[in-house]
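Notes follow once the structure below has been shown.
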Amino acid sequence: MTLCQFIDRAFKAMFERYGHQHWWPGDSELEIAVGAILTQNTSWRNVERAINALKSRNLLSIRGLLDVDEKTLADAIKPAGYFNVKAQRLKAFIRWLHDSGGFDELRKLDTYELREKLLSVKGIGRETADSMLLYVFERPVFVIDAYTRRIFERHGLKDASKMDYDRLRSVIEGCLPRNPQLFNEYHALIVRTGKEVCKRSNPLCELCPLNGLKID
DNA sequence: CTCCAGGGGGCCA
DNA sequence: TGGCCCCATGGA
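Just so we're aligned, residue 103 is where the first sequence starts under the numbering used here, counting upward by one.
So this is what it looks like as structure tokens:
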């Protein structure tokens, strides 16, 4: 099957298996954005602990993150790992967010400009920027992560795991209508499928809902 | 014990 | 550009 056929059928297969994922888990724009930074190369379970710690210390607000010193912040987010770099990244992000006038002001920018601005913040790379664009700002951006690369590679897209981020993103986006709701559900289903059955340690993926789907 | 998890920056050829 | 190393906790 073609790449676009695979993309279409894969979504249907994953959705039939797992249903609506209700992403991004988080009660506010800020919580989603903070979670996007904290989850860099880190299990979501550990991120939840760090977010809960931030909440219990009343730090999960723009004011709170702006005022807290980096060492205190690092101590609070310890369970998420890389706590020193992530404390730096959160501080850099929150300063930028504040200086930019907050989420409401940033929403006025077009997607391209907003993406460039996000990428200019130290500690926000392409995946983190795209996660925020999709799940905070509801823009039709397809998030590429390790699960996405692995699944596409396994199902016949050669070198998907090595392909340039933006190239893979545009290839996939080219097969889909620019619908933020669809992109939201699609990425969430990929992560769900990756966690559930298509792990790196389980290349056979016998229970994978995508079994039998192959790109030519 | 080892491997991995919803990456990104710095450095160097 | 592309490869390598560093960051760090907690579960399997």
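C-beta: ideal position from N, C-alpha, C; glycine also. Small disclaimer: the values here were computed from a predicted structure and weren't measured.
Contact belief for residue i with residue j at Cβ below 8 angstroms, rounded distance in angstroms
i	j	result
L284	L278	6 angstroms
Y267	I292	15 angstroms between Cβ atoms; not a contact.
A194	K224	5 angstroms
I139	T230	6 angstroms
G276	K316	Actually they are not in contact, since the Cβ atoms of G276 and K316 sit about 19 angstroms apart, beyond 8 angstroms.
F244	I274	5 angstroms
R228	L221	7 angstroms
Sequence-distant residues of the same chain with beta carbon closer than 6 angstroms to residue i, five excluded per side
i	result
F113	Y288
F205	E131
P181	N148, R151, A152
I134	W126, G128, Y237, V238
C106	C277
N304	none
R159	A178
Residue range of the unbroken alpha helix (DSSP H) whose run includes residue i
i	result
N88	It is not possible to answer for residue 88, since the shown part of the chain is limited to 103 through 318.
Q190	185-201
K114	105-120
K272	Looking at the sequence shown, residue 272 is not Lys but Ser. From DSSP, the alpha helix (DSSP H) with S272 extends over 267-275.
H289	282-298
T230	228-237
D318	D318 -> no alpha helix (DSSP H), and no H or E assigned at all.
V136	131-140
D212	Here D212 belongs to no alpha helix (DSSP H), and DSSP marks it neither H nor E.
I179	Premise fails: I179 is in no alpha helix (DSSP H) and is neither H nor E.
F254	248-256
D169	164-169
Spatial neighbours of residue i in its chain, beta-carbon cut-off 7 angstroms, leaving aside the 5 residues before and after
i	result
A262	R251, F254, E255, L270
N281	P242
G183	T144, N148
Residue i versus the options, residue with shortest Cα-Cα distance
i	options	result
N154	D169, A178, K301	A178
R191	E172, G203, H200, L208	E172
Q142	K260, V170, I109, A189	A189
N286	W198, V136, D232	D232
V187	G166, K157, I226	I226
Residues near residue i by beta carbon distance below 8 angstroms, same chain, minus five either side
i	result
R294	M116, Y120, Q123
S163	L132
C300	Y249, R252, I253, R256, C307, C310, L312
M103	R111, L315, K316, I317, D318
L216	L208, L235, F239, R241
H49	No answer is possible for residue 49: it lies beyond the span of the chain, which begins at 103 and ends at 318.
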